[in-house]
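Novice:
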Amino acid sequence: MTRHPFDAALALTAEPPSRWHGRTSEDYWNMVSPYGGITAAAMMQAMLDQPERRGSPLSFTINYIAPIEVGHYVIETELVRANRSSQHWQIRLSQGPRVLALAIAICALRRDTWSHVEAARPAVPPPDQCPPAPPRKATGFLQRYEFRIVRGTPFAENPDSLSYVWVSDVPPRPLDFASLTAFCDSFLPRIFLRRPEFVPIGTVSINIYFHAGEEVLAGHGAAPLLTVAQAQAFSDGHFDHQGQVWGGAGGDTLLATTQQLVWYKE
16 MTRHPFDAAL ALTAEPPSRW HGRTSEDYWN MVSPYGGITA AAMMQAMLDQ PERRGSPLSF
76 TINYIAPIEV GHYVIETELV RANRSSQHWQ IRLSQGPRVL ALAIAICALR RDTWSHVEAA
136 RPAVPPPDQC PPAPPRKATG FLQRYEFRIV RGTPFAENPD SLSYVWVSDV PPRPLDFASL
196 TAFCDSFLPR IFLRRPEFVP IGTVSINIYF HAGEEVLAGH GAAPLLTVAQ AQAFSDGHFD
256 HQGQVWGGAG GDTLLATTQQ LVWYKE
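As structure tokens, then:
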């Protein structure tokens, strides 16, 4: 059976007790370095694979320090602190002596408590009623996702940066925490929804809160996810966005919320 490109990109070799060796993937290459989502997913996977990890991810924050070059990299995980219900992790990705990405994460035991979601899922047509966007061949990672845009077409006239997009893996792959982490970087850059011209961009930081556990993610399967995002401000060479990822067995469960800071040049 052929391994999914995502799993091949996340193939890590353990060097106990806390080092992992990996290689960049051409399938998930961006313009000058790997797609930020695959870097975040690899760092998440290294933490998930740690034998002492307990509970499931609640939050994950990654800062991109410098571009990652083609080839071998090392991920180091450190359990900074743990108690009966939660763990605090630090994760570093480096090539040689240079640390290129730094992440912190919290894992915790999920308990059966009162729950309520105040965020409202947008009323949108189902994915099979939304045509897929034409595949782009500019970079490898864009061929690894299918985008069905409901609102917010890039490089077009839009009244704001709000977008609703159905996103799925190509080929389809069951959802897990590593792939959900990568999906949280699949949002179209907000600046391309406000202006028609292309400018160089680069993600500076991503923060993710996970609102569902393993059971819910497993129940989602490989169906498309509904992603919702909007910028708050563009200024001084940076912009942000706030995003939501909806899925689950019925497609109406809030799986994750995310914030992102992006650099742009002009």
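In the numbering used here, the protein residues as written are 16 to 281. Where a beta carbon is used, it is the ideal one built from N, C-alpha and C, also for glycine.
Report the partner residues of Trp104 according to the DSSP bridge assignment.
Specialist: Its beta-bridge partners are Leu94, Ala120.
Novice: Would you tell me roughly how many angstroms separate the C-alpha atoms of Arg166 and Tyr179, rounded to the nearest one?
Specialist: For Arg166 and Tyr179, the distance between alpha carbons rounds to 5 Å.
Novice: If you run the structure through DSSP and keep just helix, strand and coil, what is Ile223?
Specialist: If DSSP states are grouped into helix, strand and coil, Ile223 belongs with the strands.
Novice: Does the beta-carbon distance from Leu241 to Trp181 come in below 8 Å?
Specialist: Contact: yes.
Novice: Buried or exposed, going by whether 16 or more other CB atoms sit within 10 Å of the CB of Thr196?
Specialist: So Thr196 counts as buried.
Novice: Bridge partners for Ile77 per DSSP, in chain order?
Specialist: According to DSSP, which records beta bridges pairwise, Ile77 is partnered with Ala118, Ile221.
Novice: From the DSSP output, read off the bridge partner residues of Gly262.
Specialist: According to DSSP, Gly262 bridges with Thr268.
Novice: Please tell me whether, using a cut-off of 7 Å, the distance from the CB of Leu117 to the nearest non-hydrogen atom of the ligand HEM is below it.
Specialist: Looking at this structure, you won't find the ligand HEM or any other ligand, since it has none at all.
Novice: In this structure, how does DSSP classify Gln257 when only helix, strand and coil are distinguished?
Specialist: Strand.
Novice: For Tyr179, which beta-bridge partners are listed by DSSP?
Specialist: Answer is Arg166, Val243.
Novice: Going by the CB atoms, is the gap between Phe198 and Val15 shorter than 8 Å?
Specialist: Residue 15 lies beyond the stretch modelled for the chain, which goes from 16 to 281, so this question has no answer here.
Novice: Spatial neighbours of Ala55 within its chain, please: CB distance less than 6 Å, with the 5 preceding and 5 following residues excluded, ordered by chain position.
Specialist: Ile77, Thr196.
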